[in-house]
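Asker:
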Amino acid sequence: MATAIQSNRAPRNKTGRAVVLFLKVSAFLGPALILLGALLVYPIIFTGVRSTFDASGNNFVGLANYEQIFTQPRTLIAVRNNLIWVLVVPVIITSLGLVFAVLSNRLPWRSAFRMAIFLPLVVSGLAAGVTFRFLFAASPEVGTANAMARALVHIFQPPGEYPTARASREAPLEALEGGGFRTTTTVTAGDTLHLGLVGVQAGNLPAEVASAESPVPAPGTVQGVVWLDFSPGGTVGQVDAAEMGMPDVPVQLLDGDKVVGRTVTDAAGRFSFDVQAGAQHRVQLAASAFRAPFPGIAWLGPTFITISIMIGYIWMQTGFAVVIIGAGLSGLDPQLQEAARTDGANELQVFRHVTVPVLMPILMVVMVTTVINVLKIFDLVFIIAPESMQPHANVLALEMWRASFGGARDFGLGSALAMLLLIMIIPAMLFNIRNFRRDG
Amino acid sequence: MKSLFRVVLAALLIGGAVSAQQSWPDLSGQSVRVAGVWSGDEQAAFTAVLNEFATLTGATVEFFSTGNDIATVVGTQLEGGSPPDVAMLPQPGLLVEFANRGALVNIEDSVGDLVDANYAQAWRDLGSVNGDLYGVWFKAANKSLLWYNADILAAAGVEPPTTWDEFVEAAQTVFDFGVTPISVAGGDGWTLTDWFENVYLRSAGADMYDQLTNHEIAWTDASVKEALGYLAQIWRHEWLANGLQGTLEAGFPVGTVQPFLDNPTAAFVYGADFSAGVIASDTNAELGTTARFVAFPSVAGSGPAVVGGGDVAVQFTNNEAATQLMRFLATPEAAEVWAALGGFTSPNQGVDVSVYPDEVLQQSATALQQAEVFRFDMSDLQPAAFGGTSGQGMWGLLVEFLQSHDVDGVAFQLESEASAAFQ
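Quick note, the sequences are listed as chains S and H, same order. Residues are numbered in this note's numbering as their position in the first sequence, beginning at 1, plus a constant of 11. Residues are numbered in this note's numbering as their position in the second sequence, beginning at 1, plus a constant of 31.
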């Protein structure tokens, strides 16, 4: 009678147990699998299929979109830029992270230091982008980077008194390569020189300036005047009534290429040289008076725009590397390093031969994670590059957005770009997963 | 009692008939989301217009700025199924695109009466696609003004130029005087397209302008290259305020104020009537005294011509609040709110001209009405991929032209991108 009652809930046979196991597994894993399928697997497959159709989605075009990526200059630049990003940035971030982590390990205020380096990571990409956009602005009045560069350059090459000056149309002057002007004609004793310059506002002349006067020839000397040859209604090449002289211009007398006399123009712009009869000379206005203020580096110009954005990104992301490597460092057995030191190794050798090899797995993880992050870069490029430079700074994620949702609405091309990005990321991802598996 | 009641009723009716303005329904609890390209002062002014609507109806109105990329931002929201209720589009080409996609509400029945009452036929046509009315033109712009700093020109002894040759000569004289003459907002590609359109309308004439707009002639046509050649004459790198790099980083607000700063870096800047708003709020220069404008110079003897622009309100969602807002925007009252604040001209014929706060706007509004030749901004009439997206098409290629001055190369690229967009 008792045997008819089932005292144990679990089914007796193998199939029953397998079914129950399957149900338990699905109950726990199911929701996650459904989410993964809906949000990851299905979109990937759909995008892959969509990339083989054209912009409207109705015509099958096979690999034409991919062909377009590699033939159209705009997308080709995006691919090229992404490759530059991948080759340069992860290496720099990992190296900097390693150096900072190792150096800060010895400090009593190590945590504070690491927190300070980590702080940029919590700033939004938008805020960081706007900050760097202003930092790198071309005008030294706005951009900190160029303000510093200008201050530095001006120590060695201070700007001249008349940086905007140019030779007037009638002046017998030619501009020299390194700045300054030289007369195109030669003069001898008793000649006069009218060296008219334009491009300087009369209001910007020094305080002691006086009205310009035409030089009077004197025997045995060369007389000249350097003056601002511009007045409304005046004649170019002639010293008109309202025109002012240009004082403090260094003038040099040349014999061939050798400087044989130096002087400076007076308040009315006049100068004179004593010369020997018969000798032919040229006169030169020294470059130092006309040196332009350092214009700054075109950080946001076509050449440097990608580098500037990279600097912004490295500033943001180095903290991540420092913290991860720092954690790895604290897991490092100090006895290894002690043993190396007692064997006579100096700090650098300890670093090269003990620390780095032991940390290598962590370094690889940091490097590969950064590669994945860098391939997806979007916000910094969008914000920091001015509209005129967007084509030069273009990256795949940005191009994907523009192609899909911009004027062209080409979802086929956008999908192809997305697939390309996926293909580029997969090796890095597999590498990371393999590392995790090995460690676990 | 009965007679008193009748008198009161009659009085009310007469009173109602006398003040027969729009009566607005009560929309409290409903909200409207409006998208537009405006930011800064223009955004503040348009928000004032929307607040007037909120006061009249009790609805909640929210404005969000999309920046220049309105095609992309609204397009994305449309794809996602949550477009704004109303959008202020700066390009008729975009209106046509959205209408052809079936995204817009046909407003013939809901707003058609107000449009017929207050707008000229030309503006109604610009708001229609294949005869169906979709848009109400709220803001019009005279984009053929050359602004200059009168003090600098006077000091340099230069008269404001009326012809292109005078313009180039004036620039050279100002440069000799010691000021870089030209400010170009190279950071915003659309300002460069406006330069081009003004030159082209004058050098090639209105008929060719229309042909190029509809891509009936190629961008490699000799007339286009001629216009690009004129631009290269004035866009000399040494003449640009703050140098080439500074110009490339200067967006519209920055580029517009360069001649009017306390230390001006330029003498001329090409602009529109809405430049006045930026100049007034961002500089100390006095409009009409220091900051003046002339009509864009004629080229090769062309007559007065105006390239105009505007913003059209379109409706994406078919609900009561959005419809009432569209009706409000078609009334002169809505336009007058912004008109009083400056930097705004309305194509609405019901607007009282004396509402415009200064001579500048009255002048430009008059010019808008009196132009022998009036054409809508060409880049705004193009498919958005070619005429309205940053970094590509007309916008991107003219920025490249500013740097390279390569007439043949840029014309060729313009043609290839135009062909792709017009397919």
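Cβ atoms here follow ideal geometry from the backbone N, Cα and C, with glycine treated the same way. Source: prediction; values computed, not measured.
By the 8 Å beta-carbon criterion, what residues does the segment 260 to 289 of chain H contribute toward chain S?
Answerer: Listed in sequence order: N273, G274, Q276, G277, L279, E280 and G282.
Asker: With DSSP collapsed to three states, give me the class of W426/H.
Answerer: Locating residue 426/H in the second sequence gives position 395, where the first residue counts as 1. Reduced to three states, the DSSP call for W426/H is helix.
Asker: Go ahead and pull the three-state DSSP assignment for A208/S.
Answerer: Position 197 of the first sequence, counting from 1, holds the residue named residue 208/S. For the record, residue 208/S in the displayed sequence is Leu; it is not Ala. Residue state, collapsed to three classes: strand.
Asker: For a test of the three-state rule: what should DSSP assign to W455/H, helix, strand or coil?
Answerer: A question about residue 455/H goes unanswered here, because the residues of chain H that appear run from 32 up to 454.
Asker: Distance check for W266/H and P115/H, CA to CA, integer angstroms please.
Answerer: Residue mapping note: residue 115/H aligns to position 84 of the second sequence, counting from 1. Residue mapping note: residue 266/H aligns to position 235 of the second sequence, counting from 1. P115/H and W266/H: Cα-Cα distance of roughly 39 Å.
Asker: Rounded to a whole number of angstroms, what is the C-alpha to C-alpha distance between Q234/S and A178/S?
Answerer: Looking up residue 234/S in the first sequence gives position 223. Looking up residue 178/S in the first sequence gives position 167. C-alpha separation (whole angstroms): 18 Å.
Asker: Quick check: the Cα distance between G417/S and G244/S, rounded to an integer number of angstroms?
Answerer: Locating residue 417/S in the first sequence gives position 406, counting from the first residue. Locating residue 244/S in the first sequence gives position 233, counting from the first residue. Roughly 53 Å separates the two Cα atoms.
Asker: Only counting the same chain, and skipping five residues up and downstream in sequence, which positions put a Cβ closer than 6 Å to that of Q212/S?
Answerer: Residue numbering aside, residue 212/S sits at position 201 when the first sequence is read from its first letter. Excluding positions up to five away in sequence, the list is empty.
Asker: Please give the ranges of any alpha helix (DSSP H) in the segment 337 to 411 of chain S, keeping only runs that are unbroken, at least 4 residues long and fully inside the region.
Answerer: Listed in chain order, the complete alpha helix (DSSP H) runs (minimum 4 residues) inside the segment 337 to 411 of chain S are 345 to 353, 358 to 361, 367 to 386, 390 to 395 and 401 to 404.
Asker: Hey, is L311/S's beta-carbon within less than 9 Å of any beta-carbon in chain H?
Answerer: Your numbering for residue 311/S matches position 300 in the first sequence. Output row for L311/S: interface = yes.
Asker: Which class does H292/S belong to by DSSP, given the choice of helix, strand or coil?
Answerer: Position 281 of the first sequence, counted from the first residue, corresponds to residue 292/S. DSSP places H292/S in strand when its eight states are reduced to three.
Asker: Applying the 10 Å Cβ sphere with the 16-neighbour rule, what's the burial state of H268/H?
Answerer: What you label residue 268/H is simply residue 237 of the second sequence in a count that begins at 1. Exposed, by the Cβ-count rule.
Asker: If we count the other Cβ atoms within 10 Å of its Cβ and call it buried at 16 or more, is F282/S buried or exposed?
Answerer: Taking the first residue of the first sequence as position 1, residue 282/S is located at position 271. Flag for F282/S reads buried.
Asker: Could you give the first and the last residue of the continuous beta strand (DSSP E) run that contains K269/S?
Answerer: To locate residue 269/S, count along the first sequence from 1; it is residue 258. From DSSP, the beta strand (DSSP E) with K269/S extends over K269 to V275.
Asker: Verify the CB distance criterion: does T175/S have a CB-CB separation below 9 Å to chain H?
Answerer: Taking the first sequence and counting its residues from 1, one reaches residue 175/S at position 164. Judged by the 9 Å Cβ criterion, T175/S is in contact with chain H.
Asker: Taking G231/S as the reference, give the member of V237/S, D202/S and P217/S with the closest Cα.
Answerer: Within the first sequence, the letter at position 220 stands for residue 231/S. Checking every option, the nearest Cα to that of G231/S belongs to D202/S.
Asker: Using only alpha-carbon positions, find the residue among L259/H, Y179/H and T103/H that is nearest to A201/H.
Answerer: Working through the second sequence from its first residue, we reach residue 201/H at position 170. Residue Y179/H is the option with its Cα nearest to A201/H.
Asker: For F447/S, is the classification buried or exposed, using 16 other Cβ atoms within 10 angstroms of its Cβ as the cut-off for buried?
Answerer: Locating residue 447/S in the first sequence gives position 436, where the first residue counts as 1. Exposed, since its Cβ has fewer than 16 Cβ neighbours within 10 Å.
Asker: For the alpha helix (DSSP H) holding V260/S, just list the boundary residues, first then last.
Answerer: In the first sequence, the residue the question calls residue 260/S occupies position 249. Unbroken run through V260/S: none, as it is neither H nor E.
Asker: Pick out the complete beta strand (DSSP E) segments inside the segment 274 to 305 of chain H, 3 residues or longer, and give them in chain order.
Answerer: Counting only runs of 3 or more, we get 299 to 302.
Asker: From R193/S, T82/S and P313/S, pick the residue whose C-alpha is nearest to that of P402/S; which is it?
Answerer: The sequence position of residue 402/S within the first sequence is 391, counting from 1. Ranking R193/S, T82/S and P313/S by Cα distance to P402/S puts P313/S first.
Asker: Tell me, which residues are paired with V233/S by DSSP?
Answerer: Here residue 233/S corresponds to residue number 222 of the first sequence, with the count starting at 1. Answer is F284/S, bridged to V233/S.
Asker: Between W226/H and S329/H, is the Cβ-Cβ spacing less than 9 Å?
Answerer: Here the question's residue 226/H lines up with position 195 in the second sequence. Here the question's residue 329/H lines up with position 298 in the second sequence. No, the pair does not count as a contact, with Cβ atoms beyond the cut-off.
Asker: What does the alpha-carbon distance come out to for the pair A322/H and D293/H?
Answerer: What you label residue 322/H is simply residue 291 of the second sequence in a count that begins at 1. What you label residue 293/H is simply residue 262 of the second sequence in a count that begins at 1. One C-alpha to the other measures close to 12 Å.
Asker: Please tell me whether K174/H and G340/H are closer than 9 Å, where the distance is taken between their beta carbons.
Answerer: In the second sequence, counting from the first residue as 1, residue 174/H sits at position 143. In the second sequence, counting from the first residue as 1, residue 340/H sits at position 309. Yes, these two residues count as a Cβ contact at 9 Å.
Asker: Rounded to a whole number of angstroms, what is the C-alpha to C-alpha distance between E139/H and W270/H?
Answerer: The residue you call residue 139/H lines up with position 108 of the second sequence. The residue you call residue 270/H lines up with position 239 of the second sequence. For E139/H and W270/H, the distance between alpha carbons rounds to 50 Å.
Asker: Does H364/S pass the burial test, meaning 16 or more other C-beta atoms within 10 Å, or should it be called exposed?
Answerer: Taking the first sequence and counting its residues from 1, the one referred to as residue 364/S is at position 353. By the neighbour-count rule (16 or more Cβ atoms within 10 Å), H364/S is not buried but exposed.
Asker: Count the other CB atoms, across all protein chains shown, that sit within 10 Å of the CB of R28/S; report buried if there are 16 or more and exposed otherwise.
Answerer: As a position in the first sequence, residue 28/S is number 17, starting the count at 1. R28/S comes out exposed.
Asker: Do V215/H and D304/H come within 9 Å of each other at the CB atom, strictly closer than that value?
Answerer: In the second sequence, counting from the first residue as 1, residue 304/H sits at position 273. In the second sequence, counting from the first residue as 1, residue 215/H sits at position 184. Result no, Cβ atoms of D304/H and V215/H do not sit closer than 9 Å.
Asker: Return the first residue and the last residue of the beta strand (DSSP E) that L120/H is part of.
Answerer: For the purposes of this step, residue 120/H is taken as residue 89 along the second sequence, with counting starting at 1. L120/H -> beta strand (DSSP E) spans V117 to L120.
Asker: In three-state DSSP terms, what is Y387/H?
Answerer: In the second sequence, residue 387/H corresponds to position 356, counting from 1. It is coil, neither helix nor strand.
Asker: Just to confirm the assignment: which complete beta strand (DSSP E) runs, minimum length 3, are found wholly within the segment 297 to 381 of chain H?
Answerer: Correct list: 299 to 302, 322 to 326 and 336 to 346.
Asker: Quick one: what's got a C-beta closer than 6 Å to G67/H's C-beta in the same chain, skipping five residues either side?
Answerer: On the second sequence, residue 67/H is found 36 positions in, with the first residue counted as 1. Taken in chain order, the residues that qualify are M119.
Asker: Out of A429/S, D390/S, L359/S and P304/S, state which residue places its alpha-carbon closest to the alpha-carbon of L407/S.
Answerer: Within the first sequence, residue 407/S is the residue found at index 396, counting from 1. Looking at the Cα atoms, A429/S is the closest of the given residues.
Asker: At the level of alpha carbons, what is the spacing between A42/H and P191/H?
Answerer: For the purposes of this step, residue 42/H is identified with residue 11 of the second sequence, where counting begins at 1. For the purposes of this step, residue 191/H is identified with residue 160 of the second sequence, where counting begins at 1. Note that A42/H has pLDDT 46, beneath the 50 cutoff, so the model's placement of it is unreliable and the number below is only indicative. Their Cα atoms are separated by approximately 59 Å.
Asker: Can you check which of these residues, I335/S, N384/S, E398/S and L94/S, is closest to P372/S by C-alpha distance?
Answerer: On the first sequence, position 361 is the one that residue 372/S refers to. Out of I335/S, N384/S, E398/S and L94/S, I335/S has the C-alpha closest to the C-alpha of P372/S.
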